[in-house]
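Working notes for the structure below.
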Amino acid sequence: MLIINNLSKRFGKVKAVDGLNLTVNRGETVVLMGPSGCGKSTTIRTVNRLIDPDAGSIIFAGQDITGLGQEELRQVRKRIGFVFQQFNLIGRLTALENVMLGLVMGGMEREVAYNKAIVAIDKVGLSNFRDQKPNELSGGQQQRVGIARALAYEPELMLWDEPTASLDPILVREVLVVMEELAKYRASTMVVVTHELPFALHVADRIILMDNGRVVEEGVPSKVFVKPASDIGQRYKELIEYQMNTNALTLAGQKVA
Amino acid sequence: MNFIKKLFKNTFERDILILMLVSIIVGSVLAASVSLTANAYFSKTLANLVGDYGEYDLIINVREEMKDDAAQQLQKIIDDAFPGAKLKEGPTLTGKTSFFVALPEQYKTKKIYEDLGKTFGSIPGGAGIGFMTEPRITVRGVPEGAKNMIVEKISQMDGVKFAFRDGASVGVLLTGLDKVATVNNSVQSLLKQYQVIEISFPVGSEPSNPIRLGEAIANDMCQQLKVNFAQNVSVDGKNDDMTYAVSTMMELRRFLGAYASTVTIKPALGVKLLKGDVAIFQGGSTAGVVSGQAPVQGNVIVEITEIGPNGVGQGIITQGDAKQLAGSMGYRLEKNVASEPIGVASYRNPRQDLGNALNETAKLVNNIPGFIQDAKNISNTGIRVLDNYNNGMVAVERTLSDIESAGSTIQSATSGLAGIDTSGLQNQIDNSSRAMGGLVGTLEVLKLVQADTGGAIDNLNTTRHNLDNMKNTLASLDSVAANARQAKTTIDQVVADANSTVAILKSFDANSARHSLTDADSRLDKIATSIDAPAITTQLSYLAGAVPNLKDEDISHTVRILDKFIAGQVIPGERIQILTTNDISVDAALPIVYRQAGHQNVALYSAAVGVIEPNARGELYRVLSEIKAILAGLTAIVVTVLFLVFDHTTVMSVMRRNRKVQLSKETGLLVKVKRFITGLIVPERKYGMEVGAIMLTAMFILAGGGIPYFPWIGVPILGALLGLIVASYCDKISPVATEEVVAGEALGLSYDEIMREIVIPSARPGLLQKLNSRKMKFN
Numbered sequence: 072m073l074i075i076n077n078l079s080k081r082f083g084k085v086k087a088v089d090g091l092n093l094t095v096n097r098g099e100t101v102v103l104m105g106p107s108g109c110g111k112s113t114t115i116r117t118v119n120r121l122i123d124p125d126a127g128s129i130i131f132a133g134q135d136i137t138g139l140g141q142e143e144l145r146q147v148r149k150r151i152g153f154v155f156q157q158f159n160l161i162g163r164l165t166a167l168e169n170v171m172l173g174l175v176m177g178g179m180e181r182e183v184a185y186n187k188a189i190v191a192i193d194k195v196g197l198s199n200f201r202d203q204k205p206n207e208l209s210g211g212q213q214q215r216v217g218i219a220r221a222l223a224y225e226p227e228l229m230l231w232d233e234p235t236a237s238l239d240p241i242l243v244r245e246v247l248v249v250m251e252e253l254a255k256y257r258a259s260t261m262v263v264v265t266h267e268l269p270f271a272l273h274v275a276d277r278i279i280l281m282d283n284g285r286v287v288e289e290g291v292p293s294k295v296f297v298k299p300a301s302d303i304g305q306r307y308k309e310l311i312e313y314q315m316n317t318n319a320l321t322l323a324g325q326k327v328a
Numbered sequence: 003m004n005f006i007k008k009l010f011k012n013t014f015e016r017d018i019l020i021l022m023l024v025s026i027i028v029g030s031v032l033a034a035s036v037s038l039t040a041n042a043y044f045s046k047t048l049a050n051l052v053g054d055y056g057e058y059d060l061i062i063n064v065r066e067e068m069k070d071d072a073a074q075q076l077q078k079i080i081d082d083a084f085p086g087a088k089l090k091e092g093p094t095l096t097g098k099t100s101f102f103v104a105l106p107e108q109y110k111t112k113k114i115y116e117d118l119g120k121t122f123g124s125i126p127g128g129a130g131i132g133f134m135t136e137p138r139i140t141v142r143g144v145p146e147g148a149k150n151m152i153v154e155k156i157s158q159m160d161g162v163k164f165a166f167r168d169g170a171s172v173g174v175l176l177t178g179l180d181k182v183a184t185v186n187n188s189v190q191s192l193l194k195q196y197q198v199i200e201i202s203f204p205v206g207s208e209p210s211n212p213i214r215l216g217e218a219i220a221n222d223m224c225q226q227l228k229v230n231f232a233q234n235v236s237v238d239g240k241n242d243d244m245t246y247a248v249s250t251m252m253e254l255r256r257f258l259g260a261y262a263s264t265v266t267i268k269p270a271l272g273v274k275l276l277k278g279d280v281a282i283f284q285g286g287s288t289a290g291v292v293s294g295q296a297p298v299q300g301n302v303i304v305e306i307t308e309i310g311p312n313g314v315g316q317g318i319i320t321q322g323d324a325k326q327l328a329g330s331m332g333y334r335l336e337k338n339v340a341s342e343p344i345g346v347a348s349y350r351n352p353r354q355d356l357g358n359a360l361n362e363t364a365k366l367v368n369n370i371p372g373f374i375q376d377a378k379n380i381s382n383t384g385i386r387v388l389d390n391y392n393n394g395m396v397a398v399e400r401t402l403s404d405i406e407s408a409g410s411t412i413q414s415a416t417s418g419l420a421g422i423d424t425s426g427l428q429n430q431i432d433n434s435s436r437a438m439g440g441l442v443g444t445l446e447v448l449k450l451v452q453a454d455t456g457g458a459i460d461n462l463n464t465t466r467h468n469l470d471n472m473k474n475t476l477a478s479l480d481s482v483a484a485n486a487r488q489a490k491t492t493i494d495q496v497v498a499d500a501n502s503t504v505a506i507l508k509s510f511d512a513n514s515a516r517h518s519l520t521d522a523d524s525r526l527d528k529i530a531t532s533i534d535a536p537a538i539t540t541q542l543s544y545l546a547g548a549v550p551n552l553k554d555e556d557i558s559h560t561v562r563i564l565d566k567f568i569a570g571q572v573i574p575g576e577r578i579q580i581l582t583t584n585d586i587s588v589d590a591a592l593p594i595v596y597r598q599a600g601h602q603n604v605a606l607y608s609a610a611v612g613v614i615e616p617n618a619r620g621e622l623y624r625v626l627s628e629i630k631a632i633l634a635g636l637t638a639i640v641v642t643v644l645f646l647v648f649d650h651t652t653v654m655s656v657m658r659r660n661r662k663v664q665l666s667k668e669t670g671l672l673v674k675v676k677r678f679i680t681g682l683i684v685p686e687r688k689y690g691m692e693v694g695a696i697m698l699t700a701m702f703i704l705a706g707g708g709i710p711y712f713p714w715i716g717v718p719i720l721g722a723l724l725g726l727i728v729a730s731y732c733d734k735i736s737p738v739a740t741e742e743v744v745a746g747e748a749l750g751l752s753y754d755e756i757m758r759e760i761v762i763p764s765a766r767p768g769l770l771q772k773l774n775s776r777k778m779k780f781n
């Protein structure tokens, strides 16, 4: 579904991404993890070229989107849903209108778009809030609107950039539930940047650990967090054990299908 | 081509173009409205103050407190003199109320305009009359004496109804508004043909009769400089009689001034005299002057007019007569009271001197016949002497000839003698004498021996004595010869000197002298017959007796009266104005002025013969139109800034955000330098400058904006500058919700869609937002 080859991106003297290679298969949920500043968000934003890479190629659904023109890029973006850390809702529009926005601007009939938006809003459990403006919603609700907006397109690929980072734990759960459902029951192809270990443990098909702009380790959660090959992996293992106060292997054992 | 294509596409760029068009139209309308409103207000105010163009013909100012009486009187006058005229009270400013009068056409004549002063002279509280008939031209600064000439020449110009003397100016009424420009040009040309040469005299060097002096200078300029035209215009040529009267009075004043007694006051010890001091003397009063006393009849009062060397004062008598001064001590007069002793006075009375001179002249004249006779006698004697002159010369020449002959005779007679040289003979005689002396000596010895040698000795002695005598005679003979030679030489010298003297005497033209004396004699005869000495003597005596017997105080008083009158007609001595053609330079006139004035203490300037006065109404309207342009310009500037801030900063902020997203965020000195250099041409600043320049320039043009001293090229530059400043602070003025823009990008929205649906609706309220609202899909 998505192949990233030798991706590099520099900001000043800092190399945010340094020769990254990544592959995401259709229906797969890949979680990108790593310490802050390791290049996770940069990587995910280069996928739909919200940030243009300095080098490398990005092949989405067999198409190299690295050198696409604006018009073609826009069309590609409509096939990729993006959920932002800060929700990025349009403040003047209602929740429903936020969801409709991309559809209507993409040329869809308003009524059709409306219906689709209703479905998306319902999917995230915000039927009763569709006419509220973002500033009238809680963070979790806003993020769910953001998810609905991304889903309204029925994208082939969903990108999640730390979707729960701005939320308190209760709201985090709201969002994670949605994410989990999408991952498990909808078989969406997702790339998720998150620090949420439970999600990573329970939902991710593959974990990719990054450090200093590079992939340091990747694999199934039971391998990465139980027998980590990298230093980052080891630290995550320790963290999990600390947080869960239990044996990582047990948890991992539960994971294995 | 791309630009035109963009115009037809439904893009955000087209939105911006439409926005700019609308902004320019709205801004221009606003700027024009402001300026037109202000202009209309001021114009209306002006029209209320001075009436519409050409509505009124006369403006009469009166003192505010008398305006009611003045209004009544004015109405009465115009009813009597100008039936059908309209009177309107105007505004009151600085204590004066203006009244406007509209005259019927038949009353707009030269005579009426020139007599306005007389016609409205009786208005109570009158404070000035002016004419405001349109169209008109006013020429000011025309010298009084040149007005007639200027009026005459202007009256002959095409388009001029008539020209007239308007107080200190020349007013010109035109036949129509279309003639203003041509008449203006014609008058300018006329004024340029002439100049006024102003001759100024500093205090102390003023001429006593500037009128005469001016005329003399003008005449001299015509002759010497071959000038076509030169005229003294220092006084008003309107009334030549008055001119001559003033000139005569000036001469009279000068005569009286010279005729008055001059008093000299030698200051008392410790006293300093100043010009303007007044001294009082006893004069004819019985009592002497006492300090603290006021002047009485009979006192002589002197006003000091000049201070000479050593502090001696000179003055004129303002009370009494000089004859009464008699060397008395004077007192200073302050506030009409005598104070301290001031000094002793002496005087010189020109009248007395004149009388004396006349008497002496009479005596002299009486002696003229005697002088004539004596002169005739001398001339007759002279003629007689000259008659004998030639004879005398002949006699002298003859005598000289005789002397010369005598000299020759003497020379002949004494030539042999003159040639005699007896020196050898004398030597021989000496030798012989000595020899004989030796022989005598021998014989003397022999005598001792032979006594009969005595006789021989005596004979030898006698012979020797005779030889000595002969030698003496020969010496005498030499002397005579020498004297004869000397006589000849002397005679020769005498003859030579005499001959040169005779030559000189011969060169004297005795005939001519004789003729002169003869002529002189004839003239003396004529004088003797033509002069009636007794009659002259009688007249001189009569004159001596007829010299005005004015007292000094009478003279002073008369001079003061004359001064007052003269000052009202012409300022004596301050300046002279000569009207002449413009091709004469001041330097060329300078020598003439110096010569006529008798000194070089003058200053010459060339001035225009007149200047076309700007039409007050026209000037006011011109100022109003400038104000209108300024208001339009300022409004355009404000509106441009507002549009830039409210509409375009959002666009610029997005441009900046997009640019910075693409920026490599490199650091380093070279990068910084590169950014600094290219800083001006970054997209948002370029956009700001272009938009600012276009909007402001277009508004200026459409609204008629203009700023004094600001060239037109400055307008687009100013607009660009405003745009640049706004662009530099665009993200502070209109921050963009970046996350919304990113969301739009992530949703696959185009730049146009992001701007229309996300950025503009959330931006500052403005024209862009208003225009954009119809493009939005989510209102």
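Listed in order, the protein sequences are those of chains A and B.
Heads up: the first sequence begins at 72 in the numbering used here, then just goes up one per residue.
Heads up: the second sequence begins at 3 in the numbering used here, then just goes up one per residue.
We treat Cβ as the ideally placed atom computed from N, Cα and C, and that holds for glycine.
Computed from a prediction, not measured in an experiment: that's the story for all the values here.
- Taken through DSSP and simplified to helix, strand or coil, Thr464 of chain B comes out as helix.
- Closer than 8 Å to the CB of Asn119 of chain A there is at least one CB belonging to chain B.
- By the 16-neighbour rule on beta-carbons within 10 angstroms, Thr699 of chain B is buried.
- Around the CB of Glu180 of chain A, fewer than 16 other CB atoms lie within 10 Å, so the residue is classed as exposed.
- For chain B, the residues of the segment 169 to 181 of chain A that bring a beta carbon within less than 7 Å of one of its beta carbons are Leu172, Gly173, Val175, Met176 and Gly177, in chain order.
- The Cβ-Cβ distance between Gly161 of chain B and Leu176 of chain B falls below 8 Å.
- Shown here for Thr137 of chain A: same chain residues with a beta carbon closer than 6 Å to its own, the five before and five after excluded, namely Ser128 and Ile129 in chain order.
- Contact check for Thr401 of chain B against Asp480 of chain B fails: the beta carbons are separated by 8 Å or more.
- For Gly409 of chain B, the CB contacts under 7 Å within the same chain, skipping 5 residues up- and downstream, are Lys490, Ile493, Asp494 and Val497 in chain order.
- Annotated as proximal: Phe153 of chain A and Leu230 of chain A, with beta-carbon spacing under 8 Å.
- Taking a cut-off of 8 Å on C-beta distances, the segment 265 to 277 of chain B does not touch the segment 218 to 235 of chain B, as fewer than three cross pairs fall below it.
- Contact annotation: Asp523 of chain B and Lys365 of chain B have beta-carbon atoms that are not nearer than 8 Å.
- Only those residues of the segment 235 to 259 of chain A whose C-beta falls short of 7 Å from the nearest C-beta of chain B would be listed, and there are none.
- Around the C-beta of Ser236 of chain B, 16 or more other C-beta atoms lie within 10 Å, and the residue is accordingly described as buried.
- In this structure, Leu167 of chain A keeps its C-beta atom at 8 Å or more from the C-beta atom of Arg215 of chain A.
- DSSP places Ile578 of chain B within a strand segment (E or B) once states are collapsed to three.
- C-alpha of Asp279 of chain B to C-alpha of Ala296 of chain B: approximately 16 Å in a straight line.
- By the C-beta criterion, the segment 185 to 200 of chain B is judged to be in contact with the segment 138 to 146 of chain B, since at least 3 inter-stretch pairs fall below 8 Å.
- As the crow flies, the alpha-carbon of Pro106 of chain B is around 6 Å from that of Gly86 of chain B.
- Within the segment 147 to 185 of chain B, the alpha helix (DSSP H) runs of at least 4 residues that lie entirely inside it are, in chain order, 149 to 157.
- By the CB criterion at 8 Å, Ala40 of chain B and Ile629 of chain B fall inside the cutoff.
- Between the segment 108 to 115 of chain A and the segment 255 to 272 of chain A there are three or more C-beta pairs closer than 8 Å, enough to call the two in contact.
- Contact note: Gly162 of chain A reaches chain B through Ala739, Glu742 and Ser764, using a C-beta cutoff of 8 Å and chain order.
- Between Met252 of chain B and Ser210 of chain B, the gap from beta carbon to beta carbon is short of 8 Å.
- Non-local C-beta neighbours of Gln157 of chain A in its own chain, meaning closer than 7 Å and more than five positions away in sequence, comprise Ser237, ordered along the chain.
- Against chain A, a Cβ distance below 9 Å from Ser752 of chain B picks out Gln141, Glu142, Arg145 and Met176.
- Between Asp323 of chain B and Lys553 of chain B, the gap from beta carbon to beta carbon is short of 8 Å.
- Of the candidates B:Lys90, B:Val561 and B:Ile114, B:Val561 places its Cα closest to the Cα of Arg256 of chain B.
- In this chain, the alpha helix (DSSP H) harbouring Val36 of chain B covers Phe14 to Val52.
- For Lys779 of chain B, the closest Cβ of chain A is nearer than 8 Å.
- Pairing Val292 of chain B with Ala347 of chain B gives a Cβ-Cβ distance that is not under 8 Å.
- Contact annotation: the segment 354 to 361 of chain B does not touch the segment 297 to 313 of chain B, with fewer than three C-beta pairs closer than 8 Å.
- Per DSSP, reduced to three states, the secondary structure at Gln284 of chain B is coil, with no helix or strand assignment.
- One finds nothing in chain A with a Cβ atom closer than 8 Å to the Cβ of Glu15 of chain B; even the nearest lies about 14 Å away.
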